[in-house]
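So the protein lines, in turn, are chains W, A, S and Z. Per this note's numbering, the first sequence starts with residue 372, numbered consecutively. Per this note's numbering, the second sequence starts with residue 80, numbered consecutively. Per this note's numbering, the third sequence starts with residue 2, numbered consecutively. Per this note's numbering, the fourth sequence starts with residue 3, numbered consecutively. Backbone N, C-alpha and C define an ideal beta-carbon position, used for all residues, glycine too. Shown next, in structure tokens, is the structure this report addresses.
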Amino acid sequence: MNTFLPATPVAVPLTVAAVLAAVNQHIARRLADALAIAASLWCLSACLMLMFRSNHGLIVYWMGGWQPRNGAAIGISFAIDPIGAGAAAFASFLVLVAFVFSAHYFDSVGTLFHVLLLAFLAAMCGFSLTGDIFNLFVFFELMSAAAFALCGYKTEESGPIQGALNFAITNTIGAFLALSGVGLLYGRTGALNMAQIGKSLGQTHDGLVVAAFVMITCGFLVKAAVVPFHFWLADAHAVAPTPVCVLFSGIMVELGLYAVARVYWTIFHGALAQFEAQTRAIFVTVGVITAVIGAFMCFAQRHIKRLLAYSTISHTGLMLIAFAMLAHGALAGLALYVIGHGLLKGALFLAAGMLLHHLGSIDELKLRGKGREAIAASGLMLFLALGLSGVPPYGTFLGEALIDSSAEKLHYSWISYIFMLAGIITAAAVLRVVGRVYFGWGEDLDRSQQEEGETDEGRETSGGEEIPATMFVPTLVLLLMGLSVTFIPGLRNETQTAAMRFMDQGAYQQQVLQHAAPPQYQPPAEESLLVPIIRGLVATFLALIMAGLVLLPHPLRKGINGFSGGISYILRPIRIVHSGHMGDYVAWLTAGVAVIGGLFAYFIH
Amino acid sequence: MIVMQAAILLFVGVAGTAVVFTRNPLNQVMGLTFYGLLMTLMFFIFQAPDVAFSQVVVGAVVLPLMVLLTLAKLKAKEQSKR
Amino acid sequence: MNHRARTTLFIFGGLGFLCFYIWGLHGLPGFGHYPGPYGDILNSLSVYQRHATDVITAVNFDYRGFDTLGEEFILFTSVMGANLLLRKQKDDREELPPRDEAADRVVPPTSDAVRVTGLALVLPIVVFGLYTISHGQLTPGGGFQGGVILASMPLIIYLCGDYEAFEKVTSHVLSEIAEAIGAGGYAITGLIAFAFGLPYLTNFIPLGETGDVLSSGTIFVISVLTGIEVAAGLVVLMISFFRQALVYRKSGEESGGQQ
Amino acid sequence: MTDLGGELMRMLPFLVAAWLFVVGLYGIVTSRHLVHLIMCLVVVQTSTYLLLLGVGYKVGGAAPIFADIPVGTPAVDPVTHALMLTDIVVEATVMALLLALAIQAEERAGSVDPDQLRIMRG
């Protein structure tokens, strides 16, 4: 089984993609759907199997059978651990959902959509499973190429083209940054296998190591949409077709962060071990800025998909904070948070897609009071919004609890307030949408506010009175999974041991390069969830209040006008910075790399 | 040999800079073609004949051609607007 | 931000980044002092293990063949993507009749000398491309290089002033299918190894005599498939762009071009 | 060669690589035309070729093709060459995608000037 299973999550979707491309116009739409769904089901089950099998030690798989010679890798390896396989399985699942949801989409263009999405899937699986840094880059590029094209799918509008351009150019620069970092590492160590690079670097932490670390990290953080590399995300999400948004927000962005974590613990952990405190401080700072800016920008939006996109930025900020703890508890929490968030955010985008399908608009202010016709979408949104604030039993809650308790031990307990703040604001923004769209609360602002940028987009479907089951059911399934993931028995323990495995650089090297037996880990005792439960309930309550304040009936609203005026006053410069100008984005990107690099250079030398 | 290597590297640096600072895309594409040829030469000098083979076709033919066709299309579009 | 502010921000950021990058580069062992071991190991192993004298081809199509698979699919996906982006929209107004982009400029019709020379080049280019693909494991070349050389053949025909002939030798549908076959064949060649109980992309074909054209097992097969994929992919790309530009260079009545 | 020359040569390809990276970014930031911007991106990419080429080179090494030379002759690193081949094909295709987007930008938004392509603001 182990001679073929690990390679199939990449090989199978690629093969199916090529077959579908070859028969492009001559295949019935339903057959293409079925083939694509079968391929993603295969990936899902293969990755799940790999996840369970790797629970007791890495699965190391050498492409072409090229086993290492004398501890030096000569081929490309997959080094599969539960976290990597879990990420791949989650990606496969979301792709599956996207295929089902899109059954009513894109009638005109043959199998192109399927081909692109399958290539995207293969790239995400390969990206999660690989143990070779150049291979990581190759799958990064494959992921990007598919994503750019998918993002610009609706070529008949001007928005998608601009969004796709911004996305493509910033991400390509990110890829070149990462590649340069890989070149630096190769120049030093003469190796591309991550275990071998890490072994060869050992404890050295000179300029080259720091520069390579910062360049690779920043390259992947562009994908992860961390401030100041985040501009592309809102643009891309606002314009991409809904099923694609699910993948972008649900897993692609998180994979950027996954790569940072993977590279840190396989390559740089030994070299940067004595600077852990500084590394933590730098990444926490960046994460907090991202979380706060994302949250405020989220609240300022009226384009619903763009609003959700900024909420994703805010939540990646939180995820970066979790990574920055550099502790196994927080890492386990991060893994759970990613799953919980991915399910919720995916479902939210699907609900937005239903609104667009049913009502032909995605502009909160235009839709005021019209949501009564689309009760299903609005109802789902209400439940999903609560999850964003981290209320139990949503998956985000469990992740947050683990992260908080881990942070407390590192004297970073204040970050739990950042989690609450970001949760409250993003949840309140979505609740506001529900209140305005479904109940028609709040002022009719459609004409009173001046236009700023793109606020709406065209239909993606032929539209209709009914919301088809292929749209409603996947959304509901995502919501239910988001609610129930917390109740999987032993989940916290398994994730914690998986995180320990992920972080054990020495064991990783020996298993990859020398067939060493894997060590086993003891999970720490489970902690009480009482405080996190209270915290989650408080956050949700505050989110409801915040949304309520904005939507208050007119006379009562006067009292808080000063407050909201103050907020928009603060927001103004931030909104101006989000200019939609490609040159600005690249300038910020460069400056961001320089600042992060400068900080590392200052602290380490 | 060393002198030749240093010279070609400097040439590449200068040519790359020139490509960036040529603001008119039509002139720039000529520069890009020349730049692609320089890169090819550099690959040969640094014992990378395999890479040079690809570079000469991609960098000096395919890429400039695609850019030219794009420019032609853009211009046609602009004229039809007027 | 206005132009000035943006440039200022970039100057600071760019200079900072440049210094940082150079600081890192300073730690390299220095130009011309490749430290190994990866390349050196492969240089010493490849001929004996894989019966391939061009180590680069052996690395591309076997030792690191999985990278190349991913990269083939980057090409494949991008071609699909460009096709998607450049597809004809339902609401597209009819374009103006295909005219030269500078109608006021008089361009002389392609001279016979150019046409003859060009067409005389076609055959050697095809032969050279095929040679490069099939001898990739022996001498510089291989699927990529041969593929791009083959892809330049239709261009020569076009430059000779025969867009019609260009369309004849480059059927869009056929090229697309060939591209899918090249890319899919690569993935499937890897899968066949499973039937022999071997890991993905492992060689399962006898290696043959070092120095023969049909030597080195799967390297040869994959090289040919890559050649098909690269050639077809680039041709599809060029057709897509040609269709956008619609620059006919029919000799005689409507001549022109950009060069 | 002098020591200064040696020291300079030790770093030259890398310095050129760093310079091309930054100068390409400068072109992108200040660009007024999408096609110009895309060609600047090509320059940024060539920076990675130079880095890889410089990293894998060995003074006096032959090309790693053992058809005419015996196995064991000092040769330059074949891996970086393979990486560069990958890189070159990636370049061509990504640029094709970007150019296609540029064509569509003119088609749909009526401009290829980044200053005009700003509906995604705020």
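Just to confirm before moving on: does the CB-CB distance between Asn426(W) and Pro453(W) stay below 8 Å?
Yes; because the gap between Cβ atoms is below 8 Å, this pair is in contact.
Taking Cβ positions, are Phe646(W) and Phe974(W) nearer each other than 8 Å?
Yes, they are a contact pair.
Is Ser463(W) close to chain S? Criterion is C-beta to C-beta, closer than 8 Å.
So no, Ser463(W) is outside the interface.
Between Ser760(W), Leu643(W), Trp603(W), Ser776(W), which has its C-alpha nearest Thr911(W)'s C-alpha?
By alpha-carbon distance to Thr911(W), the top candidate from Ser760(W), Leu643(W), Trp603(W), Ser776(W) is Ser760(W).
Hey, would you say Gly713(W) sits closer than 8 Å to Leu465(W), going by beta carbons?
Using a Cβ distance threshold of 8 Å, Gly713(W) and Leu465(W) count as a contacting pair.
Looking only at its chain, what residues have a beta carbon closer than 7 Å to the beta carbon of Val48(S), apart from the 5 residues adjacent to it on each side?
Take Val48(S), set aside five residues on each side of it, and the residues of its chain with a beta-carbon closer than 7 Å to its own are Thr54, Thr211, in chain order.
By Cβ distance, which residues of its chain are closer than 7 Å to Asp734(W), with the 5 residues on each side in sequence left out?
Taken in chain order, the residues that qualify are Arg673, His674, Thr826, Asp827.
My output table needs one value for Tyr765(W): the three-state DSSP class, helix, strand or coil.
Coil.
Can you confirm whether Glu210(S), when its beta carbon is compared against all beta carbons of chain W, has any partner nearer than 8 Å?
Not closer than 8 Å to any Cβ of chain W, the Cβ of Glu210(S) fails to qualify, so no.
Among Pro200(S), Val80(S), Ala184(S), which one has its Cα closest to the Cα of Leu242(S)?
Note that residue 242(S) is Phe in the sequence shown, not Leu. Residue Val80(S) is the option with its Cα nearest to Phe242(S).
Just mark Leu575(W) as buried or exposed, buried being the case when its beta carbon has 16 or more other beta carbons within 10 Å.
According to the sequence displayed, residue 575(W) carries Thr and not Leu. A residue is called buried when at least 16 other Cβ atoms come within 10 angstroms of its Cβ; Thr575(W) does not meet this threshold and is exposed.
Using beta carbons (cut-off 8 Å, strictly below), is Asn506(W) in contact with chain S?
With 8 Å as the cut-off, Asn506(W) counts as an interface residue toward chain S.
With a threshold of 8 Å between beta carbons, is Thr48(Z) in contact with chain A?
Chain A contact via Cβ: present.
Limits of the beta strand (DSSP E) - the one that Ala450(W) falls within
For Ala450(W), the enclosing beta strand (DSSP E) has its first and last residue at 448 to 451.
Identify every residue that forms a DSSP beta bridge with Thr501(W).
Paired residue(s): Phe449(W).
Can you say whether Val844(W) is buried or exposed, counting buried as having 16 or more other CB atoms within 10 angstroms of its CB?
It is exposed - the Cβ of Val844(W) has fewer than 16 other Cβ atoms within 10 Å.
Reference Val37(Z); option with closest CA among Asn106(A), Leu117(A), Gly115(A), Met121(A)
If you compare the alpha carbons of Asn106(A), Leu117(A), Gly115(A), Met121(A) with that of Val37(Z), the shortest gap goes to Asn106(A).
Look at the Cβ atom of Val149(S), then the Cβ atom of Val146(A), and state whether they are nearer than 8 Å.
Result no, Cβ atoms of Val149(S) and Val146(A) do not sit closer than 8 Å.
So, Gly700(W) versus Ser787(W), is the Cβ gap smaller than 8 Å?
In this structure, Ser787(W) does not lie closer than 8 Å to Gly700(W) by Cβ.
Three CB pairs or more closer than 8 Å across the region 535 to 550 of chain W and the region 578 to 596 of chain W:
The region 535 to 550 of chain W makes contact with the region 578 to 596 of chain W, as at least three CB pairs between them are under 8 Å.
Kindly indicate which three-state DSSP category Val902(W) falls into: helix, strand or coil?
In this structure, DSSP gives Val902(W) a helical state, which the three-state scheme calls helix.
Considering only residues of the same chain and omitting the five flanking positions on each side of Ile774(W), which have a CB-CB separation below 6 Å?
Only Ala693, Ala701, Gly704 meet the Cβ criterion.
Using only the alpha-carbon positions, how far apart do Val381(W) and Leu913(W) sit?
Roughly 45 Å between the two C-alpha positions.
Out of Lys737(W), Ile967(W), Gly442(W), Phe461(W), which has the shortest C-alpha to C-alpha gap to Tyr708(W)?
Distance from the Cα of Tyr708(W) is smallest, within the candidate group Lys737(W), Ile967(W), Gly442(W), Phe461(W), for Phe461(W).
Given this structure, state the Cα-to-Cα distance separating Tyr114(A) from Ala139(A), to the nearest angstrom.
Approximately 8 Å between the Cα atoms of the pair.
DSSP three-state label for Ser734(W), please.
Sequence inspection shows Asp at residue 734(W); the Ser mentioned does not correspond to that position. In the three-state DSSP reduction, Asp734(W) falls in the strand class (E or B).
Whose Cβ in chain W lies nearer than 7 Å to the Cβ of Asp63(S)?
Within 7 Å Cβ-Cβ: Gly435.
Return helix, strand or coil for Lys60(Z), following the three-state DSSP convention.
Look at Lys60(Z) here: in three-state DSSP terms it is strand.
Over what stretch of residues does the alpha helix (DSSP H) that includes Tyr322(W) continue unbroken?
Since the first residue of chain W shown is 372 and the last is 976, residue 322(W) is not available in this structure.
Using a Cβ cut-off of 7 Å, pull out every chain W residue sitting near Val31(Z), in sequence order please.
Residues of chain W passing the Cβ test: Gly954, Val957, Ala958.
Rounded straight-line distance, which links the Cα of Val883(W) to that of Ile398(W)
Taking the straight line from one Cα to the other gives about 43 Å.
Starting from Phe510(W), find everything on chain S with Cβ-Cβ shorter than 8 Å and list it in chain order.
Result: Gly71.
Measure the CB-CB distance between Glu72(S) and Ala184(S) and report whether it falls below 8 Å.
No, the Cβ-Cβ distance between Glu72(S) and Ala184(S) is not below 8 Å.
Per DSSP, which residues does Ser440(W) bridge with? Please list them.
The residue you asked about is not Ser; residue 440(W) is Arg in the sequence shown. Looking at the DSSP output, Arg440(W) bridges to Ala443(W).
Minimum C-alpha distance to Leu175(S) - residue among Thr841(W), Asn395(W), Ala896(W):
Check the Cα spacing between Leu175(S) and each of Thr841(W), Asn395(W), Ala896(W): the tightest is with Asn395(W).
Asp89(Z) bridges to which residues according to DSSP?
Residue pairing by DSSP leaves Asp89(Z) without any beta bridge partner.
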